[in-house]
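As structure tokens, the structure follows; a few thoughts come after it.
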Amino acid sequence: MKINFKELANKYQTPYYVYDFDDITKQYNELKDAFKARKSLISYAVKANSNLSVVQHLAKQGAGADCVSIGEVKRALKVGVPKYKIIFSGVGKTDDEIRQALEFDILMINVESEAELRRVALMAKELNKEARISIRVNPNVDPKTHPYISTGLHENKFGVDLDTAKRMYIFAKKSENLDPVGIHCHIGSQLTELEPIKEAVNIIADLVRNLKSALKIELKFFDVGGGLGIVYDNETLIDTYKYAQTVLDSLFGLDITVVCEPGRFIVGNSGTFVTKVLYEKVNGDKRFVIVDGAMNDLLRPALYDAYHKIEVLDKSDDKSECNVVGPVCESGDFFAKNIELPKTEHNDLISIASAGAYGFTMASNYNTRGKVAEIAVENGQDRLIRKRETFEDLIALEEEYLQ
Ligand code: LLP
């Protein structure tokens, strides 16, 4: 759907994030549909965009939640994601987080080390519970994505190798307080090639068959993680149906529910960051377009040199090369370098595309900048889903300590 950025700017001021909720539904349905040959659970990766209204919208479509902190688990529960669709992953869960996850009785805790498994067993014992766990296996395959978002190689901190995983399943089976129900693997994010995924799921599925035949451990959930890429620029994507088929093909002989944890695929292209031009200037022969949004609002260009398509609204002539930069006091504060944009004027609007995933969630208050407003558009109607932060919001937790 075409969103009227200008109208929203007049109504809510700039900068803002806007999300097309109908597009989110479409993406969710596409993936759910691709797995329809088997029992499946699409557990949305809340880290991609954790706005309560976004998570609630997905919960209404039937999605579960993949969470990486107890805070995210609480967000999911708050908006009605059923506890039996919530997964808790992460390499560094605290005792308190483990305890709370057990008390909430979520679907499973994805365990990422032997030391963590012992902690989970201990916490479950103290609470007189049996913890449903799955083990995150690191299959040591190269996902061929940006090194910062690659997670399936032994050099990455995530998961455990196959031998360790086997030892952990044996330990879990023997423990009265652990119930090994699942297996998990996530090799990286923004994946655009199917081959590494195929390699990974085949390794994991072999392990599942092996656990069944050699150790009589029958798992119920096969969690393939997230990672499906989206178009930012001109990437060729993995076909969703081929992806699902590859996963399903690996599972021959197994009666197991497929779990998938997409984040970016669901919300990435639904979101746009809209900012307005403050000034233009030329330093030597370098042209800068200075806007009111900054790296604290959308960090991906600064952090990963990520490309987001930028357009000036209602203008197309008189293009020349420029850097689009924000007001933050860092040379890394840019949205794009050396791109062709039309000549702009004060208050022109600029849209930065594909900003629905890892945009707002990675925002900070650097330079005492309040986080921007978030807006949803659904069925042609817009509504605010997070207020713009005020100066008072920013100092609220400090003020009382002034001397
Ligand atoms: N499951 C696990 C265990 C994960 O670690 C992640 C992402 C996902 C699922 C969801 O991945 P997705 O479907 O969104 O690719 N900030 C980076 C991305 C970090 C991804 C971290 N883990 C970025 O802006 O590109």
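Everything in the sequence shown is counted per our numbering, starting at 6 for the first residue and increasing by one. In this text, a Cβ means the ideal position worked out from N, Cα and C, and glycines have one as well.
Does DSSP classify residue i as helix, strand or coil?
i, result
"R292", "strand"
"A299", "coil"
"F340", "strand"
"I92", "strand"
"R393", "coil"
"G422", "This structure gives no information on residue 422, because the portion of the chain shown stretches from 6 to 408."
"V329", "strand"
"G3", "The structure shown has nothing for residue 3, since the chain only spans 6 to 408."
"A311", "coil"
"D228", "strand"
"Y174", "helix"
"G193", "strand"
"Y246", "helix"
"I261", "coil"
"Q386", "strand"
"A360", "coil"
"P87", "coil"
"G276", "strand"
Relative to the C-alpha of residue i, which candidate in the options has its C-alpha closest?
i, options, result
"N143", "D290, N182, L212 and I400", "L212"
"A341", "I295, E119, I209 and Y363", "I295"
"D238", "A177, A378, I315 and L253", "I315"
"G187", "H62, R172, L46 and I140", "I140"
"E12", "Y406, I380 and I390", "I380"
"Y247", "F227, E77 and K41", "Residue identity differs from the one stated: residue 247 is Lys in this sequence, not Tyr. If we check each option's Cα against that of K247, K41 comes out closest."
"S356", "G268, V329, K286 and F109", "V329"
"V59", "L36, V86 and E35", "V86"
"R137", "F278, F226, P20 and N207", "F226"
"I8", "M113, D302, Y24 and E102", "Y24"
"H159", "M173, E121, E117 and K130", "E117"
"Y89", "A106, I111, D101 and G97", "I111"
"P435", "N343, N288, K286 and D290", "The question about residue 435 has no answer, for the chain in this structure spans 6 to 408."
"F411", "E405, C265, A311 and Y363", "With the chain covering only 6 through 408, there is no way to say anything about residue 411."
"D71", "I91, N56, Q61 and P185", "I91"
"R3", "R172, K83 and N56", "The chain is shown only over 6 to 408; residue 3 falls outside these bounds and no answer can be derived."
"E240", "Y49, K31, S359 and I75", "S359"
"V252", "G76, R214, N207 and F396", "N207"
Leaving aside the five residues before and after residue i along the sequence, list all residues of the same chain whose C-beta is less than 6 Å from its C-beta, in chain order.
i, result
"G95", "V73"
"K376", "A368 and E394"
"Y284", "I295"
"K44", "T262"
"A126", "S180, N182 and L183"
"E204", "V146"
"C327", "R292, V294 and L346"
"D353", "V282 and V317"
Under 7 Å, Cβ to Cβ, is there at least one residue of chain B near residue i?
i, result
"L46", "Going by chain labels, chain B is absent from the structure shown, which holds only one protein chain."
Could you pull out every residue in the same chain whose Cβ sits closer than 7 Å to the Cβ of residue i, ignoring the five residues on either side in sequence?
i, result
"E383", "F26 and D27"
"T156", "F163, H191, I192 and G193"
"D322", "P347"
"Y33", "I47, L63, Q66, A68 and I271"
"G361", "Y24, N54, V272, G273, N274, S275 and G276"
"T150", "G193, S194, Q195 and L196"
"L256", "A210 and F227"
Please report the residue range of the beta strand (DSSP E) in which residue i lies.
i, result
"P185", "L183 to H189"
"N115", "M113 to V116"
"I355", "L354 to I357"
"V382", "A378 to E383"
"I140", "A136 to R141"
"D25", "Y21 to D25"
I want to check one thing, is the minimum distance from the CB of residue i to the heavy atoms of the ligand FMN below 6 Å?
i, result
"P267", "In the structure on display, the ligand FMN does not appear, and the ligands it does have are the ligand LLP."
Please list, in chain order, all residues of the same chain as residue i whose beta carbon is under 8 Å from its beta carbon, the five residues on each side excluded.
i, result
"I243", "L196, T197, E198, L199, I202, L233 and G234"
"L399", "N370, T373 and G375"
"K217", "E223, L224 and L259"
"V429", "Because the chain here runs from 6 to 408, residue 429 falls outside it and cannot be looked at."
"K320", "P347, K348, T349 and D353"
Specify, as a first and last residue, the run of the alpha helix (DSSP H) that residue i falls within.
i, result
"R214", "L199 to L220"
"A120", "E119 to E131"
"Y17", "F10 to Y17"
"L82", "I75 to K83"
"A42", "Looking at the DSSP string, A42 is not in any alpha helix (DSSP H), and its letter there is neither H nor E."
"L107", "D100 to F109"
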